[in-house]
Amino acid sequence: MELNSETKVDVVVIGAGISGLCAARQLERHGYDVQVVEARDRVGGRTYTINDPEFGAVDLGGAYVGPTQNRIYRLAKELGLKLYKVNYKQKTVMDLRGCWGKFMGTIPPFWNPWKILDLNHFIRTFDLMADQVPVEAPWKAKKALQWDRMTVEQFVDDTVWTRSVKELADICFRSIFCVELSEISLLFALWYVKSGGGVARISSVTNGAQERKISGGSQQISDGLAKQLKREVRLSSPVVKVTHRDDVTTVTDTHGHVYRCKYVVSAVPAPLLNRVEFDPPLSGRRMQLMQRMPMGSIIKTVMYYKTPFWRNYNLNGSMMSSQGVCVYCLDDTKPDGEHPAIMGFVVAQHARDMALATPLVRKEALCALYTRVFACEDFLHPVGYREYNWMDDQYSGGCYTSVLPPTVLTSFTSCLSEPCGCLYFAGTETATQWAGYMDGAVQAGERAANQILCKDGKISQDDIDKDEPESEDFPAAPIPFSYLEYYLPSPSALLRCAVISLVGFTACSVYVFMFSWKGALFWRWVRWRYEVDDTTMFNLMQKMDVRKKWNFLKKVKPKNGSNNSILMENGL
């Protein structure tokens, strides 16, 4: 298009990721003329699939789908995409300081009963606290202020007793949020994890968030949505200005092209809106919030091998490590067995540190880590390596999503998803179910579109954010606490019980020793201490009441030969 040319539409959507494209499709279905504007030279946003000539489709962005993510299942089915299960049949390796082992499933079964109690208490406590947080309004939780002032690191330090469980908690939260535990609010973490169904659901492969992938790559979702739109997505067109005057809004991109519209939907990460000039300016609260929502730090890596040799050692290619550059990895082999690979997340401070190194250095560091953790030197000989540093992506600034430091959530409350005049907000950050995931992106995009439809009287308020029916093809199995998991004591409770039991046992022993009239040990002590003869001792045991006994003990003098006369004075 020519410089300063104009396009008139009903709605402009900024961002051609899953959320923006879902918003556009929803509006088009109700008769709106919609133009999607994208800064990148591709659609997909934080989903990014490269078609590598050597290794086929390589997912370097969001990729995983799991039970209860019913919106993304529905979308994949509509687009004719196939899903496959991530290999997780064999054993996972756990690599902690002083603790290495293989196990089946998601949660390591420690041999140390103290660690078992500690891990169970940590998961149970976090999930029970998360249950108290309303996903639609987390700032309304009863203890919202208290929890929002705490970091996740403080919570872990206060709750967890053993070093191994602290390291597991660190691995879990860093792989979920891509930041250090000291950087995020506890209230935000509780809300985020609850939106994904709890600790077990969000961190699991089988029956969890990492259960499946999309054959051919997740970017196919955005590609398919873009093809369904009436207007072609305008690529390589970063928006620089949004102006609203007299019920007319204009959106200007870097090429000088102007879009006249009634509504604007922003489907880009909140921090990136700081680059856009708004006239009139956004509210002060909104601008302050956008300055306090940093993106996570992550480098996603995929290491290719000639064969999936780890399966020969009864390993599923998954590991969790607190002692290397990669905290978590999974088998990324194609469903037909081609292009065996290990996908690894380099996150948080490790990602920031490793971003200073070259791709070759990162590759070698990962190979060395996999070799040590899996105890197999075959990992030293990859046939290929692909990575993407999301911190270097100028139109994301990081991944997976924005995180909230302490005090932000309660200070700015509903500001995140509330419309601001003609501007509506999509993006997975604003979702209330599976925030930070592709499913959350679908929910947020459709919700933003429905807010516009409701504004124009085309749907009711109750229809803005309706629950999605469960997928018939991929039903979710519930993950409740078992009776034992719910009632197992915490280490501190067990310790208190042990101390109370010890004190009680000691008190009972003293009572029996000192005050039981027929306590043999007590009377042997009296006979030895006060040189009382057997006849007098018998009378004392049978006849003396408590008061006489007390007076007796006060009057007698040990081993002075006068005790029998004192007994006579007491009627014995």
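Numbering follows full-length UniProt numbering, in which position 467 of the sequence shown is assigned residue number 467; successive positions increment by one, without gaps.
Where a beta carbon is used, it is the ideal one built from N, C-alpha and C, also for glycine.
Close CB contacts of D439 within its chain, under the 6 Å cut and outside five residues either way in sequence, are with Q69, R71 and I72 (chain order). For R234, DSSP records a beta bridge to V37. For A341, the beta-bridge partners assigned by DSSP are Y304. Listed in chain order, the beta strand (DSSP E) elements of length 3 or more contained wholly in the segment 370 to 418 are 384 to 389.
For G101, no alpha helix (DSSP H) run applies; the uninterrupted beta strand (DSSP E) run containing it begins and ends at C99 to F103, by DSSP.
Sorting A365, Q433 and M343 by C-alpha distance to the C-alpha of D353 places A365 at the top.
Looking at the DSSP output, N51 bridges to A57.
Under the three-state reduction of DSSP, V503 is assigned to helix. Sixteen is the threshold: since fewer than 16 other Cβ atoms of the shown chains lie within 10 Å of the Cβ of K227, the residue is exposed.
Between P489 and L75, the gap from beta carbon to beta carbon reaches 8 Å or more. Secondary structure of I299 (DSSP, three-state): strand.
In the DSSP assignment, the residues bridged to D253 are V239.
With at least 16 other beta carbons inside 10 angstroms of its own, P108 counts as buried. Collapsing the DSSP output to three states places H30 in coil. When the alpha-carbon of H350 is set against those of V43, W139, Y84 and G296, the nearest one is in G296.
At least 8 Å separates the beta-carbon of R46 from that of G20. Within the segment 465 to 492, the runs of alpha helix (DSSP H) at least 4 residues long that lie entirely inside it are, in chain order, 483 to 487. In the three-state DSSP reduction, V361 falls in the helix class (H, G or I).
In this structure the segment 276 to 283 touches the segment 231 to 245; the number of beta carbon pairs closer than 8 Å is three or more. When beta bridges are read from the DSSP output, E277 appears opposite K241. Contact annotation: the segment 244 to 260 does not touch the segment 425 to 433, with fewer than three C-beta pairs closer than 8 Å. Straight through space, the alpha carbons of V327 and S318 are spaced by roughly 10 Å.
Only exposed fits C497, as fewer than 16 other CB atoms lie within 10 angstroms of its CB. One Cα belongs to Q132, the other to P294, and the distance between them is close to 26 Å. For the pair A355 and I299, the CB atoms are nearer than the 8 Å cut-off. Rounded to the nearest whole angstrom, the CA to CA distance from K466 to P491 is 42 Å.
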